[in-house]
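Numbering-wise, the sequence shown is residues -20 to -1, 1 to 273 according to mature numbering (1 follows the signal peptide of the UniProt record, and there is no 0).
The structure appears right after this line, and notes come after that.
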Amino acid sequence: MLESYAVIISLSSVLNIVLAYGCGQPAVPPQLSSRVVGGEDAVAHSWPWQISLQYSRSGSWSHTCGGTLIAPQWVLTAAHCISSSKTYRVVLGKQDLSEADEPGSVAVAVEKTIVHEKWNSILIINDIALVKLAEEVQETDTVRAACLPAAGKILSNNYPCYVTGWGRVRTNGPLADALQQALLPVVDYETCSKWDWWGSLVRDTMVCAGGDGIVSGCNGDSGGPLNCQRDDGVWEVEGIVSFGSGLKCNMKNKPTVFTRVSAYIDWINEVGVPSSCPLQVGHTTPALPEVSP
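If you want it as structure tokens, here you go:
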């Protein structure tokens, strides 16, 4: 189909079409919930841009953070996930961390990590980093890139988004083996910055989601995506899991706080992530998500 378009539109437009079809559209639809529930197992490979950032420890690899594949050789994660003293790898196409040789998964070495130059671990601002893979990855049913939002995009209050990751299933509990997902409605900046919510800790370069006291991101989810669906069905990574309450993961009026990706589009491009370089597209047709009552 792309070939027929190519004769009447420019090459740059073709690249944009490929990119539009090559990001934010899983081959396997996520099972979406119409209500806020506790974290639940995600449908296998329904969030194909979710990655596991792992570090080498005593001859083995351990999950430390999540992240999002945004280009064939680039992963988006949180600055607080990166330590210059550690050796990392990225595992893509993963569903169950306890399964060593999971079909559809691939482990890729890391060429370099780039932490935002104004990352401040005390104020927890500019909590964003890029991971460049040692080699490009190809698109499959289990490995696909998420789309980036438009620069400056602000989500409306209560916009339904999903956090995904292998974080602890409860406060002080174990890490999850199977990839988890949870519906987290967006909390607007005006609300989230109130004194009895997060107050001045929240900046306008962040986005809050959740805060109902039932469900939230938790330790181990850090660096992972806040997945939000556009009206056309395409998924964008609107946030990067940054911080939450130190008292417990699902504290009321203390929503999970994410780095707002739309505030850093210029930085991402300046670092060198190609804006029109999609994964090599496979032969499967993306499926629309299903919504359960």
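Every residue, glycine too, gets a C-beta built ideally from N, C-alpha and C.
Straight-line gap, residue i to residue j (C-alpha atoms, nearest Å)
i, j, result
"Asp76", "His25", "10 Å"
"Asn233", "Gly190", "8 Å"
"Ile50", "Ile108", "14 Å"
"Ala243", "Val187", "10 Å"
"Pro254", "Leu56", "13 Å"
"Arg183", "Val143", "20 Å"
"Ala156", "Ala22", "11 Å"
"Asp201", "Leu72", "15 Å"
"Ile134", "Trp41", "37 Å"
"Ala59", "Asp212", "31 Å"
"Asp81", "His43", "15 Å"
"Asn138", "Gly252", "33 Å"
"Lys98", "Trp247", "11 Å"
"Glu115", "Gly179", "42 Å"
"Gly204", "Ile105", "16 Å"
"Gly19", "Ile62", "26 Å"
"Ser(-17)", "Ile245", "With a pLDDT of 32 at Ser(-17), under the threshold of 50, the modelled position of this residue cannot be trusted; read the value that follows with caution. When rounded, the distance between both Cα atoms is 32 Å."
"Glu91", "Met231", "38 Å"
"Thr93", "Gly39", "21 Å"
"Pro83", "Gly145", "19 Å"
"Ser64", "Gly132", "30 Å"
"Trp177", "Gln118", "42 Å"
"Glu250", "Pro6", "28 Å"
"Ala130", "Ser78", "36 Å"
"Phe238", "Ala158", "22 Å"
"Val95", "Gly2", "26 Å"
Closest by C-alpha distance to residue i, when choosing among the options
i, options, result
"Val70", "Trp99, Leu110, Ser38, Cys3", "Leu110"
"Leu163", "Gly4, Val8, Ser13, Pro9", "Ser13"
"Thr120", "Gly145, Val8, Trp54, Asp184", "Val8"
"Ile102", "Ser222, Gly132, Ser78", "Ser222"
"Arg210", "Pro10, Pro140, Ile248, Ala59", "Pro140"
"Ile220", "Leu113, Thr185, Asn249, Asp212", "Thr185"
"Ser85", "Leu181, Asp168, Trp29, Gly224", "Trp29"
"Thr122", "Trp177, Thr67, Gly46, Lys74", "Lys74"
"Gly4", "Arg37, Ser38, Thr48", "Thr48"
"Asp168", "Thr236, Pro83, Trp54", "Thr236"
"Thr67", "Pro83, Val241, Leu113", "Leu113"
"Gly46", "Asn207, Pro83, Val117", "Asn207"
"Asn100", "Leu181, Pro6, Val241, Gly2", "Leu181"
Unbroken alpha helix (DSSP H) run spanning residue i, endpoints
i, result
"Ile245", "245 to 251"
"Thr171", "169 to 172"
"Gly191", "Run containing Gly191: none; DSSP gives neither H nor E here."
"Gly2", "-10 to 2"
Presumed contact (8 Å Cβ cut-off) between residue i and residue j, rounded CB distance
i, j, result
"Gly147", "Gln161", "Wrong, their Cβ atoms sit about 11 Å apart, outside the cutoff."
"Val88", "Ser136", "Their Cβ separation, rounded to whole angstroms, is 36 Å, which puts Val88 and Ser136 out of contact at 8 Å."
"Pro52", "Trp27", "Actually they are not in contact, since the Cβ atoms of Pro52 and Trp27 sit about 18 Å apart, beyond 8 Å."
Enclosing beta strand (DSSP E) for residue i [first to last residue]
i, result
"Thr144", "140 to 145"
"Gly47", "40 to 51"
"Gly224", "Where Gly224 is concerned, there is no enclosing beta strand (DSSP E), given that its DSSP letter is neither H nor E."
"residue 360", "Nothing can be reported for residue 360, as the shown portion of the chain is limited to -20 through 273."
"Pro205", "205 to 209"
"Val214", "Neither: Val214 is in no beta strand (DSSP E) and is coded neither H nor E."
"Gln11", "11 to 13"
"Arg183", "Careful: Arg183 lies outside any beta strand (DSSP E) and carries neither H nor E."
"Lys92", "86 to 95"
"Ser32", "30 to 37"
"Thr236", "236 to 240"
"Thr57", "54 to 57"
"Val70", "68 to 72"
Chain D contact for residue i (CB, 8 Å cutoff)
i, result
"Glu119", "Any reference to chain D falls outside this structure, which holds one protein chain only."
**OP:** Assess, as a yes-or-no matter, whether the stretch 205 to 223 is touched by the stretch 118 to 131 under the definition of 3 or more beta carbon pairs within less than 8 Å.
**Re:** Touching, yes.
Original post:
For the 8 Å Cβ check, are there 3 or more pairs between the stretch 171 to 181 and the stretch 26 to 45?
Top reply: Flag = no, the stretch 171 to 181 and the stretch 26 to 45 do not touch.
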